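> Following this message is one structure expressed as structure tokens.
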Amino acid sequence: MTTDSTFVTKDVASVFARQTLLDRDLVRQPDRPVVRLLPWLNVVTLGGRSIIDRGADTIKPVVDELRAAMSEHRMLILTGPGIRARHVLGVGLDLGLPTGVLAALMATEAEQNGHLIAALLAEEGVSYLAHGTVALQLAVHLSASPAAVSNGFPPYGIYEFPPTVGKIPPHRTDAGAFLLADAYGAARTVYVKDVDGVYTSDPATGDGELLPRVGAAELLARNIETLPVDSIVLELMATAKHVKEIQIVNGLTRGNISKALAGEHVGTIIHSD
Amino acid sequence: MEDVQTAGALQSLLMSRSLSDPELLAASGTAPDYAILPDVSVLKIGGQSVIDRGRAAVYPIVEELVEAKRSHPILIGTGAGTRARHAYAIATELGLPTGVLTDVGAAVSGQNAAMLGYLMARHGVPVVGDAAFGAIPLYVAECGAAIFAGMPPYDMWQHVPAEGVIPPYRTDAGCFLVAEVYGARQMIYVKDEDGLYTANPKTDKSAKFIPEITVDELIDLDLPDLVVERPVLELMRSARHIKSVQVINGLRPGLISRALRGERVGTIISAL
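Here you go:
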């Protein structure tokens, strides 16, 4: 029973006025394409543990490659947090802190890694951009300079979802990069890791086989224990509007990043079937 | 599992395994759950359902909140409402992505928080932005309440819905997650209906009231329309603190105070 009669409603007329926005038939708009806001954008994600934690011997050549690629490609470079995030996660879990707090703590480490990478490219006009700047001023920054650096973690912080199992924040660098790339309608989404791509079993054990191209749903179904990209990304691919492919390349092999940006098939391409 | 249940074992898994490792995920679940603000109740004041109605609806609710905060510390989140719907409609027509709609919707819940804040200012109640959340404990201790904009700050990182571009995690989800992260006492949605119905009671006169229901039952029912955002149901399943929420009618005087006291005066949805 409603009590509408005693109150005047003050609506702005629109097709969604007075709706809950939860009626599936009313919010469905299948024929309307979503615009690619930055169709030339390349989102390049540097792994925290896989690249940055390895130190100068790994980081310098990767940064050199990114510097060289800036002459031809416009890039948003995102960084993961690495081992320090594991440490703060461990302390936070031990203290009994909730997932949302842990997410904010981990994101700080990804940001610090972003500061390191941006500092190395500062001379070329590359700056670190905070989340709010990435959301609202990325276009002008990438018009002033071919690249910018930001935090791979999404700005979920205390609003992180409680995960289905355990307490580890589910939206980390890989998910953050993917969601952002899709929102901007990026041309390419490249994850730079320390393995050649997706293997049928953990590449550390040596008997896995590299999958050059695989569907996201198929990969989820295979239930491979160690994936180089967080499995939540494979789930997110199912509803993405623009990013239908992601590429995982080995940043320890020189030339891979440039090849991926040039559209060459190195590493593993995961597609939304 | 015995051996991973110690803090030391969890630490070693954390340093050696992938963060998706099933054993690590399970071990992380054995960590204690510290409730940060266990005495605080989170109330969400609806945008379309309450604030858009203007003073006829809002003044009595402000009075009730002022009275209630003497005995119950409260965090008050605000919905967005009709202006967000207008902006969503235009943005959808323009083919803009979910991330842009999220940003626009957040601004509307921010306006509603600001208006409620001015009305409660003389009672010492502040509006708290994201960056000032650290001060919430002080505000709640000093004056019993604080107001925040309910939209989560997902912005360009918002999940994309399977159909259309309307942000799936809006102010119901945002307020729920605030309650969950603070380990709050309870989550109460203040709307303009007595609770949950089998259909939208505004458009379907045969809709029947549901006083109590579990998340599983509600998902099974697969109702065409719902009084709370669907993703909240999934979040409740995984939550560690907030395993039930109550939806009440804020247009009926006295219900907010009764709900805060723990009475069932609307619909209780639980994931227990």
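Which chain is which? The protein sequence lines are A and B, in order.
Take the first sequence: its letters are residues 28 to 300, numbered as in this note's numbering.
Take the second sequence: its letters are residues 38 to 309, numbered as in this note's numbering.
We put the beta carbon where it would ideally sit given N, CA and C, even for glycine.
Because the structure is a prediction, the values reported are computed rather than measured.
Find out if the Cβ-Cβ distance for the pair aspartate 257 of chain B, alanine 162 of chain A is shorter than 7 Å.
Here the question's residue 257 of chain B lines up with position 220 in the second sequence. Here the question's residue 162 of chain A lines up with position 135 in the first sequence. It is not a contact, given that the beta carbons lie outside the stated cut-off.
> What residue from B:Ala44, B:Ala121 and B:Gly91 has the CA that sits closest to valine 39 of chain A's CA?
Position 12 of the first sequence, counted from the start, is the residue given in the question as residue 39 of chain A. Minimum Cα distance to valine 39 of chain A is reached at B:Ala121.
> Within 7 Å of any Cβ in chain B, is that where the Cβ of proline 182 of chain A sits?
For the purposes of this step, residue 182 of chain A is taken as the residue at position 155 of the first sequence. Chain B contact via Cβ: present.
> Using only the alpha-carbon positions, how far apart do lysine 37 of chain A and aspartate 229 of chain B sit?
Stepping through the first sequence from its first residue, residue 37 of chain A is reached at position 10. Stepping through the second sequence from its first residue, residue 229 of chain B is reached at position 192. Each residue's Cα considered, the two are about 14 Å apart.
> Spell out whether any CB of chain B is found under 7 Å from the CB atom of lysine 271 of chain A.
Within the first sequence, numbered from 1, the residue matching residue 271 of chain A stands at position 244. No, its Cβ sits nowhere closer than 7 Å to a Cβ of chain B.
> For proline 189 of chain A, is the classification buried or exposed, using 16 other Cβ atoms within 10 angstroms of its Cβ as the cut-off for buried?
Start at 1 with the first residue of the first sequence, and residue 189 of chain A comes out as number 162. Buried is the call here.
> Considering only the beta carbon of each residue, do alanine 296 of chain B and arginine 274 of chain B sit closer than 7 Å?
For this step, residue 296 of chain B is matched to residue 259 along the second sequence. For this step, residue 274 of chain B is matched to residue 237 along the second sequence. In this structure, arginine 274 of chain B does not lie closer than 7 Å to alanine 296 of chain B by Cβ.
> With a threshold of 7 Å between beta carbons, is aspartate 38 of chain A in contact with chain B?
Locating residue 38 of chain A in the first sequence gives position 11, counting from the first residue. So, interface residue.
> Can you pull the DSSP bridge partners for leucine 112 of chain B?
Here residue 112 of chain B refers to the residue found at position 75 of the second sequence. Its beta-bridge partners are B:Val79 and B:Ala183.
> Roughly how many angstroms lie between the CA atoms of histidine 158 of chain A and alanine 158 of chain B, to the nearest whole one?
Taking the first residue of the first sequence as 1, we reach residue 158 of chain A at position 131. Taking the first residue of the second sequence as 1, we reach residue 158 of chain B at position 121. If you take the alpha carbons of histidine 158 of chain A and alanine 158 of chain B, they lie about 31 Å apart.
> Going along chain B, which residues have a C-beta under 7 Å from serine 41 of chain A?
Locating residue 41 of chain A in the first sequence gives position 14, where the first residue counts as 1. Within 7 Å Cβ-Cβ: Arg122, His123 and Ala126.
> What residues in the region 64-96 of chain B have a beta carbon less than 8 Å from any beta carbon of chain A?
If the cut-off is 8 Å between Cβ atoms, the region 64-96 of chain B has Ala64, Ser65, Gly66, Ala68, Pro69, Asp70, Tyr71, Ile73, Gln85, Asp89, Arg90, Gly91, Ala93 and Ala94 near chain A.
> In angstroms, rounded to a whole number, what distance separates the CA positions of threonine 244 of chain A and leucine 263 of chain A?
Locating residue 244 of chain A in the first sequence gives position 217, where the first residue counts as 1. Locating residue 263 of chain A in the first sequence gives position 236, where the first residue counts as 1. The residue you asked about is not threonine; residue 244 of chain A is alanine in the sequence shown. Those two C-alpha atoms are separated by around 10 Å.
> Please work out which residues of its chain come closer than 6 Å, Cβ to Cβ, to leucine 132 of chain A, disregarding the five sequence neighbours upstream and downstream, and give them in chain order.
Locating residue 132 of chain A in the first sequence gives position 105, counting from the first residue. Excluding residues within five positions, the ones whose Cβ falls inside 6 Å are Val115 and Gly119.
> Could you tell me which whole beta strand (DSSP E) segments of length 3 or greater appear in the region 235-279 of chain A?
If we require 3 residues or more, the beta strand (DSSP E) runs fully inside the region 235-279 of chain A come out as 240-242 and 272-277.
> Taking 6 Å as the cut-off, is the CB of aspartate 209 of chain B close to at least one heavy atom of the ligand ATP?
Ligands in the displayed structure: none, and consequently the ligand ATP is not present.
> DSSP three-state label for serine 307 of chain B, please.
Residue numbering aside, residue 307 of chain B sits at position 270 when the second sequence is read from its first letter. Strand at serine 307 of chain B.
> At the level of alpha carbons, what is the spacing between tyrosine 44 of chain B and leucine 122 of chain A?
Within the second sequence, the letter at position 7 stands for residue 44 of chain B. Within the first sequence, the letter at position 95 stands for residue 122 of chain A. It should be noted that the sequence gives alanine, not tyrosine, for residue 44 of chain B. Cα-Cα distance, rounded: 10 Å.
> List, in chain order, every chain B residue whose beta-carbon is nearer than 9 Å to that of alanine 171 of chain A.
Stepping through the first sequence from its first residue, residue 171 of chain A is reached at position 144. Ordered by position in chain B, no residue passes the 9 Å Cβ test against alanine 171 of chain A, which lies about 19 Å from the chain.
> At a Cβ threshold of 7 Å, is methionine 224 of chain B touching chain A?
For the purposes of this step, residue 224 of chain B is taken as the residue at position 187 of the second sequence. Not an interface residue.
> Relative to the C-alpha of alanine 267 of chain A, which residue among B:Trp194, B:Gly154 and B:Ile184 is closest?
The residue you call residue 267 of chain A lines up with position 240 of the first sequence. That would be B:Trp194, whose Cα lies nearest to the Cα of alanine 267 of chain A.
> Determine, using beta carbons only, whether glycine 224 of chain A and leucine 237 of chain A come nearer to each other than 7 Å.
Sequence index remark: in the first sequence, residue 224 of chain A carries index 197 (1-based). Sequence index remark: in the first sequence, residue 237 of chain A carries index 210 (1-based). Their beta carbons are under 7 Å apart, which means glycine 224 of chain A touches leucine 237 of chain A by this criterion.
> Give the straight-line distance between the Cα atoms of glycine 220 of chain B and isoleucine 113 of chain B, rounded to the nearest whole angstrom.
One-based indexing of the second sequence puts residue 220 of chain B at position 183. One-based indexing of the second sequence puts residue 113 of chain B at position 76. Each residue's Cα considered, the two are about 15 Å apart.
> If you reduce the DSSP assignment to three classes, tell me which class serine 275 of chain B lands in.
Stepping through the second sequence from its first residue, residue 275 of chain B is reached at position 238. DSSP places serine 275 of chain B in helix when its eight states are reduced to three.
> Rounded to the nearest angstrom, what separates isoleucine 79 of chain A and leucine 73 of chain A at their Cα positions?
Reading the first sequence from its first residue, position 52 is the one you call residue 79 of chain A. Reading the first sequence from its first residue, position 46 is the one you call residue 73 of chain A. Cα to Cα, the separation comes out at about 7 Å.
> On the criterion of 16 or more Cβ atoms from any shown chain inside 10 Å, does isoleucine 110 of chain A qualify as buried, or is it exposed?
As a working note, residue 110 of chain A is residue 83 in the first sequence. Burial call: exposed.
> Using DSSP with H/G/I as helix, E/B as strand and the rest coil, what is arginine 101 of chain A?
The sequence position of residue 101 of chain A within the first sequence is 74, counting from 1. Three-state result, arginine 101 of chain A: strand.
> Is glycine 179 of chain A near leucine 105 of chain A, with beta carbons less than 7 Å apart?
Counting from 1 along the first sequence, the entry for residue 179 of chain A is found at position 152. Counting from 1 along the first sequence, the entry for residue 105 of chain A is found at position 78. Cβ atoms of glycine 179 of chain A and leucine 105 of chain A: closer than 7 Å.
> Whole angstroms are fine: how far does the CA of aspartate 52 of chain A sit from the CA of leucine 261 of chain A?
The residue you call residue 261 of chain A lines up with position 234 of the first sequence. The residue you call residue 52 of chain A lines up with position 25 of the first sequence. Approximately 27 Å between the Cα atoms of the pair.
> Kindly indicate the opening and closing residues of the beta strand (DSSP E) around glutamate 101 of chain B.
As a working note, residue 101 of chain B is residue 64 in the second sequence. Where glutamate 101 of chain B is concerned, there is no enclosing beta strand (DSSP E), although the alpha helix (DSSP H) it sits in stretches over 92-105.
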